[in-house]
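J.:
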Ligand SMILES: Cc1cc2nc3c(=O)[nH]c(=O)nc-3n(C[C@H](O)[C@H](O)[C@H](O)COP(=O)(O)OP(=O)(O)OC[C@H]3O[C@@H](n4cnc5c(N)ncnc54)[C@H](O)[C@@H]3O)c2cc1C
Ligand code: SF4
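Residue numbers (our numbering): 1 to 326.
#1: Less than 8 Å separating the beta-carbons of residue 130 and residue 116?
#2: Spell out a yes or no on whether the stretch 148-166 and the stretch 236-245 are touching, meaning 3 or more CB-CB pairs, one atom from each, closer than 8 Å.
#3: Would you kindly check if the distance between the Cβ of residue 180 and the Cβ of residue 208 is under 8 Å?
#4: Looking at the secondary structure, which residues open and close the alpha helix (DSSP H) in which residue 121 lies?
#5: Out of 87, 322, 35 and 45, point me to the one whose CA is closest to residue 171's CA.
#6: Do you know how far the Cα of residue 168 is from the Cα of residue 68?
#7: Whether or not the stretch 242-252 and the stretch 261-273 are in contact is what I'm after, with contact meaning three or more pairs of Cβ atoms, one per stretch, closer than 8 Å; do they touch?
#8: Judging by CA-CA distance, which residue of 217, 95 and 201 is the nearest neighbour of residue 62?
#9: For residue 38 and residue 321, what's the separation of their Cα atoms in angstroms?
#10: Can you tell me where the beta strand (DSSP E) with residue 47 in it begins and where it stops?
#11: Could you round the C-beta distance between residue 306 and residue 189 to whole angstroms and report it? I think they count as a contact, below 8 Å.
#12: Report yes if the C-beta of residue 97 is less than 7 Å from at least one heavy atom of ligand 1; otherwise report no.
#13: Within the stretch 56-97, note down every full beta strand (DSSP E) run reaching 3 residues or more, in order along the chain.
#14: Near residue 248, which residues of its chain fall below 6 Å by C-beta distance, leaving aside the five closest residues on each side in sequence?
#15: With a cut-off of 8 Å, do at least 3 Cβ pairs link the stretch 103-121 to the stretch 17-31?
#16: Where residue 24 and residue 1 are concerned, what is the direct C-alpha to C-alpha distance, given to the nearest angstrom?
#17: For residue 27, verify whether its CB is less than 7 Å away from any heavy atom of ligand 1.
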C-alpha cells in the first residue's frame, strides 16, 4: 500500500479546496471499498480527504423532496422513519446489502461511488480496460457469472454492485454535487455511465467534485414499493440480480410504475422499456410478462451468465405481482 496524507474536512468548501485538482487525491467515506482498493494497489493515491464529518442528516425541502446528506451512514438511512414510511424500497435495498458492520461504516456518497466487484478488476495480473485503458478484458472470455447482460460493450461487461443505487434509480433521485466551479444537480439515471469504450470513466462526476446530498422527489405511490434480491448466500453477498419497483394501480389498471434492475448492467438499470409497455394496461401477470420481455429484448448473455436473462424476467413479474397483492 502506498503511503498517503490524511486530511479531515470540516466543511464542504474545505473539502473541495483540499482536494483541488490533485488527481492523486480522493474523498474518504467509510473506507469500506476505497481502503480495500488501496491495500490491493488498485488505487494508488497520495491524499485522502475525510468527508465523514460533513452533513449527514435528512431534511424535507419546501417542495416536499427528501434531501439526504452524503455523509449519512447506510444504517441510519435505512432505519430513518421518513424513508421507511415514504420509500420502503430504499430502506429494504440498503438492508439487503453487505453486513450490519459494513452498513454502520458506509456512507451514502461512498455507496454511490463504490467500484465494481469484477474479479479481474481486483486481480492486477489480469487484463482489465477499467483498471488500465486499452489493456483488454479477461472477463469477456473468462468466468463471467456475475457480469452484465444489458448495456455491455466489447471493452467491459462489469456490473455496478450497489443495492441502494437500484432503489434510487427507481425513485428518480438526483445527485447534488459541489466542485471548484460551483454546485449542480445530476439526475440519478444519468449519473452512472455505460462502459462503451471508456469503462474507466464510470460517472458524470468531474475531477474534485464532492457529492453533498441525494435528493428524492415526492412520489406518493412509492409507499407501495419493494426490493427483491437473488444472491448466492442469504447475507453478506452482492446481487446476482435484483429488482426495485413501485406500483400504483387504479381501477385494476397501471397508473404509475417504476422499475430498476441491479446485477445486470454497468449502472443501476432503469427499466424504461418495461415501464412504457406497462403504463395504462391492466395489472395482470400476462402484462407484467410483456413488460419484462420488452426490457430484456436487447439482453446479451455470456458463457456463464445467460441464466440472468430469464431470472431477471421472472423476478420482475414476481415483484409486480407481489405489489398488486399488497
Ligand atoms: C464484504 C463486503 C460485502 C459488501 N456487500 C454489499 C452488498 O451486498 N450490496 C452493496 O450495495 N454493497 C455491498 N458492499 C459495498 C459497500 O456498500 C460499499 O463498500 C460502501 O457502500 C462504500 O461506502 P464508503 O462510505 O465506505 O465508501 P469509501 O470506500 O470511503 O469510498 C468509495 C468511493 O466513494 C468516494 N466518495 C466517498 N464519499 C464521497 C463523496 N461525498 N463525494 C465524492 N466521492 C466520495 C471515494 O473517494 C471512493 O472513490 C460490500 C462491501 C464489502 C466489503
Ligand atoms: S469486465 Fe470490465 S472490470 Fe471486468 S475485466 Fe473486463 S474491463 Fe475490467
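The beta-carbon is built from N, C-alpha and C at its ideal position, and this holds for glycine as well.
None of these values were measured; they are calculated from a predicted model.
T.: Judging by the given coordinates:
#1: Annotated as proximal: residue 130 and residue 116, with beta-carbon spacing under 8 Å.
#2: Contact between the stretch 148-166 and the stretch 236-245 is present, because at least three Cβ pairs lie under 8 Å.
#3: When the beta-carbon positions are compared, residue 208 and residue 180 come within less than 8 Å of each other.
#4: Note, residue 121: alpha helix (DSSP H), 119-122.
#5: A check of alpha carbon separations from residue 171 across 87, 322, 35 and 45 identifies 87 as the nearest.
#6: Using only the alpha carbons, I get a separation of about 12 Å.
#7: Segments in contact, yes.
#8: Closest by alpha carbon: 217.
#9: Their Cα atoms are separated by approximately 44 Å.
#10: DSSP places residue 47 in the uninterrupted beta strand (DSSP E) bounded by 47-50.
#11: Contact annotation, residue 306 with residue 189: C-beta distance approximately 26 Å; criterion of less than 8 Å not satisfied.
#12: True, at least one ligand heavy atom lies under 7 Å from that Cβ.
#13: Here the runs fully enclosed are 58-60 and 66-69.
#14: Apart from the 5 residues on each side of it in sequence, residue 248 sits with its Cβ closer than 6 Å to the Cβ of 221, 255 and 256 in its chain, given in chain order.
#15: Contact between the stretch 103-121 and the stretch 17-31 is present, with at least three C-beta pairs closer than 8 Å.
#16: So the alpha carbons of these two residues sit roughly 14 Å apart.
#17: Yes, the beta carbon of residue 27 sits closer than 7 Å to at least one heavy atom of ligand 1.
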